[in-house]
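Start counting the sequence shown at 39; every next residue gets the next number (this note's numbering). See structure below.
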Amino acid sequence: MAGLLDDNHEAKDEFGNFDPLSMGSSTRDTSDGSSMVSRIRGYSRNIELDKHVERFGRIPIEMSIEFKKLVDVIEMAKSQVQSTKDGQQCGLIELFKKTHAKDDNWVNKASHAAHSRMVELEGLQTLEGSQPPSEEEICEIVLGRHPGGPKSKPRKHRYSSKSISSIKQKAYEQEIEIRNLKEQLDMKKSNIQEEREVRNATKEKLMTKKEELMATKTEVDNLKELMKQFMASQEGTSK
Numbered sequence: 039m040a041g042l043l044d045d046n047h048e049a050k051d052e053f054g055n056f057d058p059l060s061m062g063s064s065t066r067d068t069s070d071g072s073s074m075v076s077r078i079r080g081y082s083r084n085i086e087l088d089k090h091v092e093r094f095g096r097i098p099i100e101m102s103i104e105f106k107k108l109v110d111v112i113e114m115a116k117s118q119v120q121s122t123k124d125g126q127q128c129g130l131i132e133l134f135k136k137t138h139a140k141d142d143n144w145v146n147k148a149s150h151a152a153h154s155r156m157v158e159l160e161g162l163q164t165l166e167g168s169q170p171p172s173e174e175e176i177c178e179i180v181l182g183r184h185p186g187g188p189k190s191k192p193r194k195h196r197y198s199s200k201s202i203s204s205i206k207q208k209a210y211e212q213e214i215e216i217r218n219l220k221e222q223l224d225m226k227k228s229n230i231q232e233e234r235e236v237r238n239a240t241k242e243k244l245m246t247k248k249e250e251l252m253a254t255k256t257e258v259d260n261l262k263e264l265m266k267q268f269m270a271s272q273e274g275t276s277k
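Here it is, written out as structure tokens:
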């Protein structure tokens, strides 16, 4: 984060020496001396701007879908300078909001979604002993790094022996928990298999019983038919 603060202070110094409103102006003084000074200053400003673009990347210009107007790059630069003018450092996430929203009215939905994602990543909890992601890294994750922009500095993870022991203990506890859950799952699978086998056996018994009942019904029907024939023959004999 210290490197990020230094970079922002450097950006402040560069923007402080750069006046975009007067860059490339066609207004000249009538005297040759002042005209020469103006040209030299304009050339110097161009060099400062080139240095800033080389170090920090190009300043993005976005078209507002809702308001149909450009995000003013000059106002964006002034906002960045103003954010550090009072001596209080403005973070990149807050700077993104200042340059893409006014009174909670965002220039477009994509900017609002990107800011929400930054805030979400900023609020994520990290493992004990590890450093949370910096705002520069969060912006690079959400927005990506502009071509020609500076590469994010690798974070140094510093772990104490206590934190390492704590991490190992948590990993061991998680391994035990996973093992117990696996045993419980295997037991449930075994119980389900046993229940399935019992149901299949019961189903087979019911099918066998049904077949026996059908056979018994057929025998009863045959006996009834024989009784009818016998009764009919007895009636014929009696006549």
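Beta carbons: idealized from backbone N, C-alpha and C, even for Gly.
Contact between V157 and I131 holds: CB atoms are separated by about 7 Å, below the 8 Å threshold. In the three-state DSSP reduction, N238 falls in the helix class (H, G or I).
Sixteen is the threshold: since fewer than 16 other Cβ atoms of the shown chains lie within 10 Å of the Cβ of S154, the residue is exposed. Judged by DSSP secondary structure, C128 falls outside any alpha helix (DSSP H); it is assigned neither H nor E. Residue E160 holds the alpha-carbon nearest to the alpha-carbon of G129 among H150, E160, V145 and W144. Judged by beta-carbon spacing, A152 lies within the 9 Å limit of L181, meaning their Cβ atoms are closer than that value.
Bridge pairing for A139: W144 [DSSP]. When DSSP states are grouped into helix, strand and coil, G274 belongs to the helix group. Rounded to whole angstroms, the separation of the alpha carbons of N238 and N229 is 14 Å.
In its chain, beyond the 5 residues on either side, L159 have a beta carbon closer than 7 Å to the beta carbon of P171. Judged by DSSP secondary structure, L181 falls within the alpha helix (DSSP H) whose first and last residues are E173 to L181. In the three-state reduction of the DSSP assignment, L159 falls in the helix class, which pools H, G and I.
Between the alpha carbons of M265 and E242 lies a gap of roughly 35 Å.
In this structure, the CA atom of K262 is about 46 Å from the CA atom of Q231. The C-alpha of L162 is placed about 26 Å away from the C-alpha of I214.
For N143 and E175, the gap between their C-alpha atoms comes out near 26 Å. Here S149 is buried. Its C-beta has 16 or more other C-beta atoms within 10 Å.
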